[in-house]
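The sequence shown lines up with residues 133 to 421 when you count with the numbering used here. Glycine included, every Cβ here is placed at the ideal spot set by N, Cα and C. Have a look at the structure below, then the notes.
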Amino acid sequence: MYIIANPNSGKGNGAKTIAKLRAYLDERAISYTVHETTATGDGMNCVRKICAEELDDVIVAVGGDGTFHEVLNGIDFEKARMGLVPAGRGNDFAIGTGTANLDPVKAIADIVRGEPRELDYIQVSDKRCLNVAGTGLDVEVLLRTANSKNKLTYVKSLAKCLLHYKPYPVDITVDGQSKHYDCIMVGVCNGTQIGGGIKLSPLSIADDGKLNIMIVEKPKHVATLFVMPQFVKGKHLGKSYVTHFLCDSIKIETPAPVQLDGEIYYDLDFDARVVVSGMKTFATSESNN
Numbered sequence: 133m134y135i136i137a138n139p140n141s142g143k144g145n146g147a148k149t150i151a152k153l154r155a156y157l158d159e160r161a162i163s164y165t166v167h168e169t170t171a172t173g174d175g176m177n178c179v180r181k182i183c184a185e186e187l188d189d190v191i192v193a194v195g196g197d198g199t200f201h202e203v204l205n206g207i208d209f210e211k212a213r214m215g216l217v218p219a220g221r222g223n224d225f226a227i228g229t230g231t232a233n234l235d236p237v238k239a240i241a242d243i244v245r246g247e248p249r250e251l252d253y254i255q256v257s258d259k260r261c262l263n264v265a266g267t268g269l270d271v272e273v274l275l276r277t278a279n280s281k282n283k284l285t286y287v288k289s290l291a292k293c294l295l296h297y298k299p300y301p302v303d304i305t306v307d308g309q310s311k312h313y314d315c316i317m318v319g320v321c322n323g324t325q326i327g328g329g330i331k332l333s334p335l336s337i338a339d340d341g342k343l344n345i346m347i348v349e350k351p352k353h354v355a356t357l358f359v360m361p362q363f364v365k366g367k368h369l370g371k372s373y374v375t376h377f378l379c380d381s382i383k384i385e386t387p388a389p390v391q392l393d394g395e396i397y398y399d400l401d402f403d404a405r406v407v408v409s410g411m412k413t414f415a416t417s418e419s420n421n
């Protein structure tokens with residue numbers, strides 16, 4: 133078992149989680165190696181080296197959705213199975229889909245138990261995405277929170293962005309049919325939520341073989357800021373300014389950057405498709421309730 137862990141995730145929760153995992157595995161004499169990440173890309177590169185040399189291993193990602201993203205993009209699922217131990221601030225994928233227990237001891241116990249499960253993931257050009265790929269307002273919010281000296285929360289930053297954010301043009305092609313939108317944001321979703329609990333795509337199921345597409349336009353008769361509570365609670369489906377549909381693949385042409393699992397990419401073609409049952413992971417024995 134290889135553990136790829138971000139000790140700084142979740143304001144130090146990562147380091148505490150590593151200690152709990154060590155205690156659990158040592159008590160049961162289970163062999164493991166821990167690699168603590170120190171910089172962006174470190175986890176992905178480490179996983180690639182492991183998969184180049186080993187076969188039939190378990191690689192455990194410990195951290196937030198960003199750590200999950202790195203391990204997902206480094207792993208060779210022909211050689212390894214990926215375990216998830218949430219230790220971030222938001223843990224949006226784990227909470228929204230119920231695919232990993234929030235208790236680290238229960239999460240590692242599920243991995244050790246070893247009941248296999250397959251999940252979908254999103255392929256965006258040459259990158260993989262586990263939770264949500266998006267462009268527009270979500271990228272603006274991520275940039276604002278990353279550069280904030282007082283570490284604004286996602287929701288607070290979203291409120292500030294909505295006061296001045298202007299729609300931007302996108303052309304979306306599905307099944308050979310193209311349509312133009314002036315959007316606030318577009319989300320290609322495998323998971324249900326982003327930003328520490330904003331239920332962008334409440335109907336998403338991580339193993340249904342489909343992408344949930346959320347296209348949000350500027351409301352015509354109400355200030356955009358006033359509709360924010362609907363998104364936080366997942367009550368926006370069916371509104372006139374929201375377009376929701378399922379598909380297998382989608383091409384989005386936009387001048388804006390793209391975020392995958394909260395990681396921002398510039399000059400990435402937003403050409404997305406679902407990889408059905410592409411992620412080899414482990415089943416949970418109980419819910420997070």
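| Item | Value |
| --- | --- |
| Beta-carbon proximity list for residue 243, same chain, < 7 Å, skipping 5 on both sides | 190, 192, 215 and 414 |
| Element boundaries [alpha helix (DSSP H), containing residue 141] | 141-159 |
| Classification of residue 173 by the beta-carbon crowding that lies within 10 angstroms, buried from 16 upward | exposed |
| Cα-Cα separation, residue 418 to residue 388 | 40 Å |
| Assigned exposure category for residue 341 - 16 Cβ within 10 Å defines buried | exposed |
| DSSP state of residue 354 mapped onto helix, strand, coil | coil |
| Anticipated Cβ contact below 8 Å, residue 256 with residue 392, distance rounded | 6 Å |
| Three CB pairs or more closer than 8 Å across the region 223-230 and the region 284-293 | no |
| Buried versus exposed, by CB contacts within 10 Å (16 or more), residue 398 | exposed |
| Buried versus exposed call for residue 372 [16 or more other C-beta atoms within 10 Å across all chains shown] | exposed |
| Supposed close pair residue 148, residue 187 - CB separation, criterion 8 Å | About 32 Å separates the two Cβ atoms, so there is no contact after all. |
| Residues of its chain near residue 140, where Cβ-Cβ distance is below 8 Å and the 5 sequence neighbours each way are ignored | 146 and 147 |
| According to DSSP, residues forming a beta bridge with residue 179 | BP columns for residue 179 are empty, so no partner. |
| C-alpha gap between residue 401 and residue 343, whole angstroms | 17 Å |
| CB of residue 319 within 8 Å of CB of residue 335, strictly | no |
| Three-way DSSP call (helix, strand, coil) for residue 335 in this model | coil |
| DSSP bridge partner residues for residue 214 (one or two, in chain order) | 191 |
| Bounding residues of the beta strand (DSSP E) (the contiguous stretch that carries residue 359) | Unbroken run through residue 359: none, as it is neither H nor E. |
| Host beta strand (DSSP E) of residue 208 (start-end) | No beta strand (DSSP E) contains residue 208, which DSSP labels as neither H nor E. |
| Range of the contiguous beta strand (DSSP E) that encloses residue 299 | First-last for residue 299: undefined, no H or E at that position. |
| Residue 319: first and last residue of the uninterrupted beta strand (DSSP E) it sits in | 309-321 |
| Rounded straight-line distance, which links the Cα of residue 180 to that of residue 150 | 21 Å |
| Backbone CA spacing between residue 259 and residue 361 [nearest angstrom] | 32 Å |
| Min CB distance residue 275 to chain D below 8 Å | No chain D is part of this structure, which consists of one protein chain only. |
| Segment limits, beta strand (DSSP E) that includes residue 136 | 134-137 |
| Short Cβ contact (8 Å threshold) for residue 302 with residue 416 | no |
| Beta-carbon gap between residue 314 and residue 272 smaller than 8 Å | no |
| Cβ neighbours of residue 377 in the same chain (closer than 7 Å, five flanking residues each side left out) | 345 |
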